[in-house]
Every structure is written in C-alpha cells, then in structure tokens.
Ligand SMILES: Nc1ncnc2c1ncn2[C@@H]1O[C@H](COP(=O)(O)OP(=O)(O)OP(=O)(O)O)[C@@H](O)[C@H]1O
Ligand SMILES: [Mg+2]
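Protein chains in written order, with the working numbering: chain A, 69 to 328; chain B, 28 to 374; chain C, 321 to 592.
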C-alpha cells in the first residue's frame, strides 16, 4: 500500500468524526430503548419492557403507517408510471412544465400543503376524519419521487425504438406497455417504490396537521412520545421505527449505489 | 424453409411527409415495388430514406393525399402492428429484458401462436441465422454482429409480408459488414421475400438491390437497376454520388468534343453539349501523338494493385484515372489520356 | 408514433386530476384565505412589515444559510475524500454516513436530544470534563445541528456521484503545470463539483426553510417560520395569517429551488 500523507489522516479523522456524529445518537437511542434506566446507564440492566409498552400503546399507529405506506405506493404506481411514460414520450416545453409542476409538492413545505388541504377539504367530514385524508397528502408528496425515478430510466433507454420494435412484431399498445416498457424500467420503479414507502412511513410535516386522534401515524406517535413520555419509551418507539425502515433504507442505499 | 413467406407488391402513391415542425422530409413520391423484389433506398444523410421506410412500415403517416398499398389493399390507416411487416432497426431495438430466444419468439407470442409451434419456429430461425448457441443469452452479452443476426431472426420469425431494414449494417466494422452483406443477400434471394433496404453506402446498395432508388433532399433522383444508375445517371447529383465521375468542359464540333486540353472523338455527342462526363475506368494512359487529352500529373496514390492518378487538364477539378502500370510517377510529368467513347455521357 | 397524443393525454390525466384537485385547487384556496383576514391581501406584506414575523423570517433564512454552508463544507470534504481514497473500511464508512438518508424530521429531532439534550451525550461529557453540563438541543443551535444531520447523508451522495465523474486527467494536468494541492482544489475540484454543490445546497436550503418536524420535536419556542405558522394556526386559530405565511414560505422555497435548477442545469428535488 502506498504511504499516506498527513492530509489523508486529517481527512479520515474528519470523516470518522462526521460518521460518529451521525451514528452515535442512533446507537444511543437504540440502547436507551432497551435499558432499564438510561440515566443510570447500562448497569441498570436490559429490558424489553419499554418496547412492550410502546407495542401495546402504539401498535395501531404502526399498522396504520404500514397501511398508508402501501396504499400510497399503490397510488403513486397507478398515477405515476403512466404519467412518467407520457412525459418521456413527449419531451416538449409543455411536458417539462408539467413535470416541474408535479414536483412542486416537494418544494413547497408540507405545512403549507397540509394547511391548503385542510382549508379546502376540512369541511368534508367523512374525508377529513378518515385515513385517506392523510393518504392524499402522502401521495402528493411522494408522487414526484416515483415519476422522476421512472422518468430517469425511461429517458436512459431508447424507449421509442424499443416500442417501435415491439410494434413491428405486431404488439399493440397494451402489449408493448406490459411486455417492453414496464420490464425495462423496473429498476426505476423499484427505486421509486422504496423511496415512496420510506418517505410515507416517515412523513411528519403534513401528517401532523392532517391527522386526527383516530388516525395517528407512526411519526405522529413518535412526536407524542417524545413530548410526553420518558426518554426510554421514546427510544423504544424509535427503535421499532428503525427496525421497520431499516430494510427499506438498506435496500434504498444499495440501489442508490447501484444506479450511480 | 422458404414456405410460409408470401411476398407482396407494394405501391406508394404520392407519399409526402411534412413534420410538425414544418420540415419537408419527403416530397410526394410514387413508386411500385414488385413482389419478391429487393429495393434499396440510397442517398446522403437527411435525404428522407428513413422517413420513406417508416411510411411503408406504418410508423409515420404520409401527408394527406398519400397512400400505401400492400398488394392493392390500402393500408395507409393501419398502424405498424397490423401491417404484418418485419423490421430491422439500425440500433436493432432488441428487448434487453428478454433472452435471445424470447426476442426471436416475441412476435409469435403477441400473435398467440401455440407454444410448440412457436418453439419450433424460433429454433428454425436461430438455426437459419446460425445462432442456436446463443438462445439463452441476454442481449447485453452479444456482439454487434450477433445482435444483427438476432434482429434479423426476430423480424423473420413472424413470416412478414415484407422485410424492412434501416441501415442494418452501419453499426458494424468493415469486415463484418462485408460478410453479413453477403449473407443477407443470399438469405433474401432464398426466401424470395419483398425487401426494402435503406443505406447510404453505395457498395451495399449495388450489391443487394434489384433496383436502387437514389434520393436527394426528399426527392427521388433516379430509380433503376444498379448498372443503369452507374452507367446512365440521369442527374448530376446521381452521377457524383455514385462512384467517381470525371467532367470536362468543351464544345461539340465535327463528331468530336473539343476542349482546351484536346479533342475526344464522340460521334453520338448530343448537339450543344458543353460538358462531357466519364468514369475513371474509361480512361487509359496514352503517350503517343494520338492521345485525346494532355495534362500534368498533380498526384499519384499507389494502392498496391494499381495507382490512382490525378491529372490537371486546366479544369476546375483534376481528372481521375487508375492504372496498373508498373512504374513510378513523378509530380508534374506530362500525361496523355485516351477516353473510351462508349463511356462518354452528357447531362 | 402516430396518433398517440390522445393516449398520452389519457395517461397523464389521472395524475393531472389528482394534482389539480388536491394541490392546485387547495393552494389557490389557501392564497385566497390568506387575503381574507382583517387586513385583506395586505396580510401577505405582514411578513416584512410585522416585526415579529420579519424577525422569524430572517432567523429562518439565516439558519437555512448556515445549515447549507456547514453541510456543503462537511460533505465536500468527506465526499471527495471517500470517492478518491480507497482504503479498507471505505464502503462501511459510506454505508454509515448515508444510513440516516431518509430519517424523518421528528426522529432527527430526537437524535439531537440524544446528543445535546438534558440527558444527552455532549452534556454528560462536558459534565465529566468541566463539571458543567452543556445543553443546547432546545435552541436554534440544536435545530442547526438537526438540519445538518438531516442534510449531510444526501449531500455526501450527491458530491460522491459528482466526484466520480470528475476527470482525474484535469487534476493531473493541473499538477503537471505545477499547481499545489490547494490550487488544484480551488481551480479544478471545486469548479468541477459546482453544479452538484448548487443543486445539493438548494435542497439543503429549501428543507431547512420549510422543515417542521425537527423544530417541533425540539421545542415550540424556537422562532422559525414553520413554528410561527403552526402556532398561528393551532393556538391562535389565526387561519388567514397562517395561510398567508405558509404561502410565502412555499413561494420562497420554490423560488430557491427553481433558481438553483436554472443555475445548475440539472434536476433538483427536495425531500422532507
Ligand atoms: N420527427 C421528425 N421531426 C422533424 N424532422 C424530422 C423528423 N424525423 C426526421 N426529420 C427530418 O427529415 C429529414 C429526413 O430525415 P430521414 O431520417 O428520413 O433521413 P435519412 O435519409 O434517413 O438520413 P440518415 O442517413 O442520416 O439516417 C431530415 O432533415 C430530418 O432532420
Ligand atoms: Mg436514417
């Protein structure tokens, strides 16, 4: 191995410090969730009591969040893939403007979007109090990620020629779409799906205003727990959240590296 | 193996194409293509070859008034998937999500051909293109030449009524191109299929075409057998685009074409011709007093079996000829030339 | 292909209807409501005329700018380093640095509490060393820390991707002409990474301006615009002001992102 200069060690030290900054609190909170008394430290013993407490108290939020995330995924797939296809087929000023517009819910703070939804549909009783109200916000916020992710892949493959190839062999639009277009943008769909599910599970900015006492999602429950319960319970709750999104994050990370 | 192919005649009637942005890619064109004929569209880049092919395929609609007929049946309104054509794209357009065999069988799959029959047909096609060993490969594991074969096999597997090829060999290197050209030629004759081939390579056009359609700026410049196009170009553009053409200015007088560099006997000279054209192979070196033209050598390229000479005769461009003479040429040496009168033409 | 425009419109339609019904329409409604208060549409000027709002706008922007600067420096150094230097453990470091990629704001707030809260690590260490406890989680400093925490992972990814595309020959050419390490960084690496910096920085800035979860977890007392809006809406029930302020907030972030997109010429998208 070649000799490293002082600069290398300086940079490595810095990077390790940044790494510690990011990872140490994660580790601390996982520990806290399993410790009998965080103040006393690990000597007080390990316990699953806090996790159990969270599970019995906040189970519903976990299932609701999963349900919303999956519904959100379905929604973004149904709305997003056809839209991405249409945008990829016609790269005109018009479609670029549409794309720009579709991305706005990401740029505009969730708080503003949530307020806008409330002032417009807040009076629609059944809708306002149902979980679909939250779902609407989540789809708005995650749709751009699905569209962009699929669009990026569609722009990278020679979509028109592939489709013409299939058409020359007798395939009509539906066949082309399902046999050629979808299979060839599956990396984009997969990356978009992971992103959508992860973001929906963690969405708080909008959800905090959109939720009702009966429609609490996991992050809403987390905020509750942080504000009102002891540190160990908040930590245990966070631990559960980590366990739920960890596989998603790892998969997402692998994909990001793969796409790069 | 040729059974199942039912070649058709194709008629283009006033097929023009103006794109949405106003580009006039094709002026109204009328053309009859006979069943089993191989026709080649030849022309420089941007002259409208691909556009014509895409109109025949059904990927573009001709401007109003244009019609495409397959065996007399008007197919202008039919999209490509209902025209039963086979198409080979310049970039091949093979599906990366399918194996070689799946690609070849795709047309049969969308036509719901029964499994056993489809498998048989795929095997037959793979054997015909000699790519049986590649059946389970992914597309990105193939070389350019192999992709080309898969694309051909895929287009032929559905027994199309006409085979359309858009510069199928352009992406390949020169050696492979020659080999595949031979193979395609042999295949087309064996199958007896109507074939339409687009290229900007005149050697390819000459070798493959029963007839060649030379195109220029969206118009047909000339249609004819390769030999006719070469020996009797009907326009200046065709004369210059195909092969090398010498031109010299002068006047017709007493059965000869008189130029500043000498007189060429030319009994059938059209009266009033002010320019004579001839190919390099109709020129021989002649140092005797009987030489038709005299000039000075400006450059000599030794090509191995022959030498290519450029001779200045006081015209805009030097005359070109080739000789097998085994001697050295020196710059500026005087050269006498004799022209075969059978090769002379005027436009 | 031919005649496909109607089909493409049809495919775009579901997303278009959804988007119009649940975004464009509500936003225009929000705009109208923002102007329906006692002051009418003058409410939109309140963000600069009202001293309290203006102060929180300024502190929000200052916080966002500081976050962006710190994130870019940190990610620039570590990102280029990790991309350029191959050493054992490199991949693990990258994995750890990008692990918190999609943590929501609330959780990040909690991470800050774990570090700098009342029972936090920094406080404990300071107590041991100096006998005095340092607690800054529940202040602007804590929020700053949280936003940096949030932004570093995604920015590092962007920087690494851009650094990978940098042509090492440029660097070699600069060295062959006698440039020092610092000159290479200034004249080759930073200009080469500029588009990535601009787009990543814009996302950073926009998120820091509009994010709410972290501030919410840390305290309601931090004077940043999203918290002000939230307070106006829930505690004061002052819907018109909340609407006007959030509309302005949305406009600010959108303009920042659009400007960055124009400057960087690449795709810029933010994440909550
Ligand atoms: N979709 C389109 N919109 C506008 N103009 C087009 C379109 N397709 C082709 N053209 C234009 O029409 C003309 C003819 O194009 P065409 O593709 O038929 O040329 P070609 O002879 O196949 O050339 P090449 O040898 O380069 O493939 C060109 O000027 C081209 O720029
Ligand atoms: Mg072409």
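Positions of the beta carbon are idealized from the N, C-alpha and C atoms, including for glycine.
Check                                                                                                                   : Outcome
Near ligand 2: residue 534/C beta-carbon under 6 Å from a heavy atom                                                    : no
Separation of residue 183/A from residue 161/B, as counted between CA atoms                                             : 60 Å
Any non-hydrogen atom of ligand 2 within 6 Å of residue 226/B CB                                                        : no
For residue 356/B, the first and last residue of its enclosing beta strand (DSSP E)                                     : Where residue 356/B is concerned, there is no enclosing beta strand (DSSP E), given that its DSSP letter is neither H nor E.
Minimum Cβ-Cβ distance from residue 228/A to chain B less than 7 Å                                                      : no
Any chain A beta carbon closer than 7 Å to residue 361/C                                                                : no
Completely contained beta strand (DSSP E) runs for the stretch 222-309 of chain B, where each covers 3 or more residues : 238-243, 246-251, 273-276, 278-280, 283-286, 289-292 and 302-305
Under 7 Å between C-beta atoms of residue 332/B and residue 363/B                                                       : no
Contacting positions in the stretch 232-245 of chain A - beta carbon closer than 8 Å to chain B                         : 232, 233, 234, 235, 236, 237, 238, 239, 240 and 243
Check: residue 93/B C-beta below 6 Å from any heavy atom of ligand 1                                                    : no
Cβ-heavy atom distance, residue 253/A to ligand 1, below 6 Å                                                            : no
Integer-rounded CB distance, given that residue 204/B should sit under 8 Å from residue 32/B                            : Contact flag wrong, Cβ pair sits at about 25 Å.
Within 7 Å, strictly: CB atoms of residue 219/B and residue 65/B                                                        : no
Spatial distance of residue 411/C from residue 320/A (CA atoms)                                                         : 15 Å
heavy atom of ligand 3 below 6 Å from residue 226/A C-beta                                                              : The ligand content of the structure shown is limited to ligand 1 and ligand 2, which means ligand 3 is not among them.
Where the beta strand (DSSP E) through residue 33/A begins and ends                                                     : This structure cannot settle anything about residue 33/A, because the visible part of chain A is limited to 69 through 328.
Coil, strand or helix - residue 67/B by DSSP                                                                            : strand
Residue 125/B: first and last residue of the uninterrupted alpha helix (DSSP H) it sits in                              : From DSSP, residue 125/B is part of no alpha helix (DSSP H); its letter is neither H nor E.
Min CB distance residue 159/A to chain B below 7 Å                                                                      : no
Ligand 1 heavy atom lying under 6 Å from the CB of residue 157/A                                                        : no
Short Cβ contact (7 Å threshold) for residue 516/C with residue 479/C                                                   : yes
Coarse secondary structure for residue 587/C, derived from DSSP in three states                                         : Confidence at residue 587/C is low in this model, with a pLDDT of 45, below 50, so the placement of that residue is unreliable and no value is reported for it.
Nearest neighbour of residue 370/C, chosen from 564/C, 576/C and 553/C [CA to CA]                                       : 564/C
Min CB distance residue 124/B to chain A below 7 Å                                                                      : yes
Buried versus exposed, by CB contacts within 10 Å (16 or more), residue 133/A                                           : buried
Cβ neighbours of residue 476/C in the same chain (closer than 7 Å, five flanking residues each side left out)           : 395, 398, 399, 417 and 418
Rounded distance between the beta-carbons of residue 269/A and residue 312/A, thought under 8 Å                         : 7 Å
Chain A within 7 Å of residue 426/C, Cβ atoms only                                                                      : yes
Any chain B beta carbon closer than 7 Å to residue 93/A                                                                 : no
Proximity test, residue 210/A beta-carbon vs ligand 2 heavy atom, cut-off 6 Å                                           : no
Within chain C, the residues that residue 90/A reaches when beta carbons sit closer than 8 Å                            : 416, 417, 419, 420, 469, 472 and 473
Contacts that residue 266/A makes with chain C (C-beta to C-beta distance below 8 Å)                                    : 422
Any C-beta of chain C under 7 Å from that of residue 150/A                                                              : yes
Listed by chain order, chain B residues near residue 251/A by CB distance under 9 Å                                     : 122, 123, 124 and 125
Min CB distance residue 87/A to chain C below 7 Å                                                                       : yes
CB contact below 7 Å: residue 546/C versus chain A                                                                      : yes
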